[in-house]
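Peer 1: Structure below; questions to follow.
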Amino acid sequence: MTLQRRLRAAGLVAPTYAPGGLGSVLPACANALGAPLTTSTGLASPDAAAALGLPRASRVCVVLVDGLGARLLESRSGHAPFLRSLLGDRRVAYCGFPSTTAASMGLFGTGTAPGRTAMLGYTIRPAGASGLANMVSWEGMPTPEDVQREPTVFEQLAARDVAVTSVGPARFAGSGMTRAALRGSRYVVAESLDARVDAVVATLRKPGLAYLYWGEVDKAGHHHGWQSAEWGAALEDIDGALRRLVRSLPRGTTVVITADHGMVDVDPAQRWDVATEPALAEGIELVAGEPRAIHLYVSPGTDPAAVVQRWSDRLGRAVVPVTREEAEAAGWFGDVADHVRAAIGDVVVATTGRATVVDSATQTSASLGLVGVHGSLTPDEVEIPVLTAVV
-4 MTLQRRLRAA
6 GLVAPTYAPG
16 GLGSVLPACA
26 NALGAPLTTS
36 TGLASPDAAA
46 ALGLPRASRV
56 CVVLVDGLGA
66 RLLESRSGHA
76 PFLRSLLGDR
86 RVAYCGFPST
96 TAASMGLFGT
106 GTAPGRTAML
116 GYTIRPAGAS
126 GLANMVSWEG
136 MPTPEDVQRE
146 PTVFEQLAAR
156 DVAVTSVGPA
166 RFAGSGMTRA
176 ALRGSRYVVA
186 ESLDARVDAV
196 VATLRKPGLA
206 YLYWGEVDKA
216 GHHHGWQSAE
226 WGAALEDIDG
236 ALRRLVRSLP
246 RGTTVVITAD
256 HGMVDVDPAQ
266 RWDVATEPAL
276 AEGIELVAGE
286 PRAIHLYVSP
296 GTDPAAVVQR
306 WSDRLGRAVV
316 PVTREEAEAA
326 GWFGDVADHV
336 RAAIGDVVVA
346 TTGRATVVDS
356 ATQTSASLGL
366 VGVHGSLTPD
376 EVEIPVLTAV
386 V
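Read in my numbering, the sequence shown has 188 at position 193, and its numbers run on one by one without any break.
And the structure:
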């Protein structure tokens, strides 16, 4: 059975980086602002704009709501009357693999896939390193500009004298992830949701692009699950703020609302721990990634294909494990640059359904107890909204 058919049989969606996905959002915005660009992998702004149906505008606001998967939004749209009013224009859009913030922010910020940005998951083993590094906190990671070498869309717009402003919390200003994926903008600190909306409105009194990030929906999902009352309340908060934002912006502004990934709620009965499963631990030097998308770095002398077979035998339909070479050939990470390849796991595992694979030897108790998770290739995780409102 081909890998494509294996994914389909497992209820998973093969990764795609074609125009119209998360990587097209900022290139399309560049086209809207009259500053078209082409990414290093050949994505041209006019093609991105056509795929997303984005019109020309003198002002563009991009809002990224962390964790707001398209299917989740549609299922809980009763909590989001404003966003629901935009769903009629929704196109099916996808993030990449893994469906997680680090990988998606690289894709969003540069228009290029994780195989080029080296932003490969929550944790990875950087090329030449021996231990885990965290791509969200940037703990253990090399200099951001050395890791992520693709030009960002913000850099390219700023070089063409387009005013670019990012609005977010103080802790993200100059952070590793910001420098890696979103460098090039002026950063405005605003902590509360209302303060961020006000900052964007003030910024877009003049032409340019403003970017606003909000993470509370994802946070509620991790702690309580996306079907919880807490998640619904978080959705209500951002929905109300977005309504106010659109009503407050100058006429002629285009607002684009998207997300970095969706989410599934875990099934505790389908959870395996590498630290307590000899068949899973055999031949493994390091477990990285996240419970839904795992990078396995094998011990010297271990055949990755043998690890794939052991994991398949032990976990059956709960996983789709592949070697690094198979993942690259299938385009899971898009085009893979030479300096990125060694950071990809020798074996890469996508989980199915609501299954998770953890490693209690390296992961914190808090992370092991998450209710909502993401990273794999189910439609709930990879389908994202790209909603447009023209003021």
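Ideal Cβ positions, reconstructed from N, Cα and C, are used throughout, including at glycine.
1. If we require 4 or more residues per run, which alpha helix (DSSP H) segments fall completely within the stretch 311 to 348?
2. With a threshold of 8 Å, are at least 3 pairs of Cβ atoms found where one atom belongs to the stretch 116 to 133 and the other to the stretch 270 to 289?
3. Which residues in the same chain as D234 place their Cβ atom closer than 6 Å to its Cβ, once the five residues preceding and following it in sequence are excluded?
4. I'd like to check one pair, L240 with V195: are the Cβ atoms closer than 8 Å?
5. Pick from T346, D341, S125: whose alpha carbon is nearest that of L310?
6. Does the stretch 62 to 72 come close enough to the stretch 255 to 262 to have 3 or more Cβ pairs within less than 8 Å?
7. Contact between the stretch 212 to 221 and the stretch 35 to 46 is defined here as three or more beta-carbon pairs at a separation below 8 Å; is this criterion met?
8. Tell me the residue span of the beta strand (DSSP E) that contains S161.
9. So, using beta-carbon positions, are R174 and E140 closer together than 8 Å?
10. Buried or exposed for D375, going by 16 or more other Cβ atoms inside 10 Å?
11. Go to G220, then tell me how far its beta strand (DSSP E) extends in each direction, as first and last residue.
12. For V157, which residues of its own chain have a beta-carbon under 7 Å away from its beta-carbon, when the five flanking residues on both sides are left out?
13. Using a C-beta cutoff of 8 Å, does W226 count as contacting chain B?
14. On the three-state DSSP scale, how would you describe T381?
15. Using only the alpha-carbon positions, how far apart do P153 and C24 sit?
16. For a test of the three-state rule: what should DSSP assign to H74, helix, strand or coil?
17. Where in the stretch 214 to 287 do unbroken runs of the beta strand (DSSP E), each at least 3 residues long, occur, reported from the N-terminal end onward?
18. Taking the C-alpha atoms as reference points, what is the distance between A224 and Y89?
19. Using the three-state DSSP reduction, which class does C90 fall into: helix, strand or coil?
20. Should T147 go down as buried or exposed, given a rule of 16 or more other Cβ atoms within 10 Å for buried?
21. For G284, collect the residues of the same chain with a Cβ closer than 6 Å to its Cβ; drop the 5 residues on either side in sequence, then sort them by chain order.
22. Determine the extent of the beta strand (DSSP E) in which L363 is found, giving its start and end residues.
23. Give the secondary structure of W306 by DSSP, where H, G and I count as helix, E and B as strand, and everything else as coil.
24. Excluding the 5 residues preceding and the 5 following S294 in the sequence, name in chain order all residues of the same chain whose CB lies nearer than 8 Å to its CB.
25. Let me make sure I understand the geometry here. Which of S243, R242, E211 has the alpha-carbon closest to that of A228?
26. Going by the beta-carbon positions, is the gap between V342 and V303 smaller than 8 Å?
27. Ignore the nearest five residues each way along the sequence and tell me which others in R349's own chain have a CB closer than 8 Å to its CB.
Peer 2: Working from what's here:
1. Runs of the alpha helix (DSSP H) inside the stretch 311 to 348: 319 to 324, 333 to 336.
2. By the Cβ rule, the stretch 116 to 133 counts as touching the stretch 270 to 289, because three or more pairs are nearer than 8 Å.
3. Within the sequence shown, the letter at position 239 stands for residue 234. Counting only Cβ-Cβ distances below 6 Å, and skipping sequence neighbours, we find A75, F77, L78.
4. Stepping through the sequence shown from its first residue, residue 195 is reached at position 200. Stepping through the sequence shown from its first residue, residue 240 is reached at position 245. Yes. Within cutoff.
5. The sequence position of residue 310 within the sequence shown is 315, counting from 1. It is T346.
6. Counting Cβ pairs under 8 Å, three or more are found: they touch.
7. No, they do not touch.
8. Residue mapping note: residue 161 aligns to position 166 of the sequence shown, counting from 1. Per DSSP, S161 belongs to the beta strand (DSSP E) from 159 to 163.
9. Counting from 1 along the sequence shown, the entry for residue 174 is found at position 179. Counting from 1 along the sequence shown, the entry for residue 140 is found at position 145. Note that the C-beta distance between R174 and E140 is below 8 Å.
10. Numbered from its first residue, the sequence shown carries residue 375 at position 380. Counting C-beta atoms within 10 angstroms of its own C-beta, D375 has 16 or more neighbours from the protein chains shown and is therefore classed as buried.
11. Counting from 1 along the sequence shown, the entry for residue 220 is found at position 225. For G220, no beta strand (DSSP E) segment is defined, and its DSSP state is neither H nor E.
12. Your numbering for residue 157 matches position 162 in the sequence shown. L28, A30, G203, L204.
13. In the structure shown, chain B cannot be found, because there is only a single protein chain.
14. Position 386 of the sequence shown, counted from the first residue, corresponds to residue 381. Here the sequence assigns Val to residue 381, which means Thr is not the residue at that position. In the structure shown, V381 sits in a strand (DSSP, three-state: E or B).
15. Indexing the sequence shown from 1 puts residue 153 at position 158. Indexing the sequence shown from 1 puts residue 24 at position 29. Reading off the sequence shown, one finds Ala at residue 153, where the question assumed Pro. Roughly 13 Å separates the two Cα atoms.
16. The residue given as residue 74 occupies position 79 in the sequence shown. Residue state, collapsed to three classes: helix.
17. Those beta strand (DSSP E) runs which fall completely within the stretch 214 to 287 and span 3+ residues are 248 to 253, 266 to 268, 279 to 285.
18. The sequence position of residue 224 within the sequence shown is 229, counting from 1. The sequence position of residue 89 within the sequence shown is 94, counting from 1. Distance between the alpha carbons of A224 and Y89: 26 Å.
19. Position 95 of the sequence shown, counted from the start, is the residue given in the question as residue 90. Residue state, collapsed to three classes: coil.
20. As a working note, residue 147 is residue 152 in the sequence shown. Under this definition T147 is a buried residue.
21. Start at 1 with the first residue of the sequence shown, and residue 284 comes out as number 289. Excluding residues up to 5 positions away in sequence, G116, H290 lie with their Cβ nearer than 6 Å to the Cβ of G284 in the same chain.
22. For the purposes of this step, residue 363 is taken as residue 368 along the sequence shown, with counting starting at 1. Looking at the DSSP string, L363 is not in any beta strand (DSSP E); the run it does join, the alpha helix (DSSP H), is 360 to 363.
23. Taking the sequence shown and counting its residues from 1, the one referred to as residue 306 is at position 311. W306: helix per DSSP, three-state reduction.
24. What you label residue 294 is simply residue 299 of the sequence shown in a count that begins at 1. Result list for S294: G278, I279, E280, in chain order.
25. As a working mapping, residue 228 is identified with position 233 in the sequence shown. Minimum Cα distance to A228 is reached at E211.
26. Sequence index remark: in the sequence shown, residue 342 carries index 347 (1-based). Sequence index remark: in the sequence shown, residue 303 carries index 308 (1-based). Yes, these two residues count as a Cβ contact at 8 Å.
27. Taking the first residue of the sequence shown as 1, we reach residue 349 at position 354. In its chain, beyond the 5 residues on either side, V259, D260, V261, D262, Q265 have a beta carbon closer than 8 Å to the beta carbon of R349.
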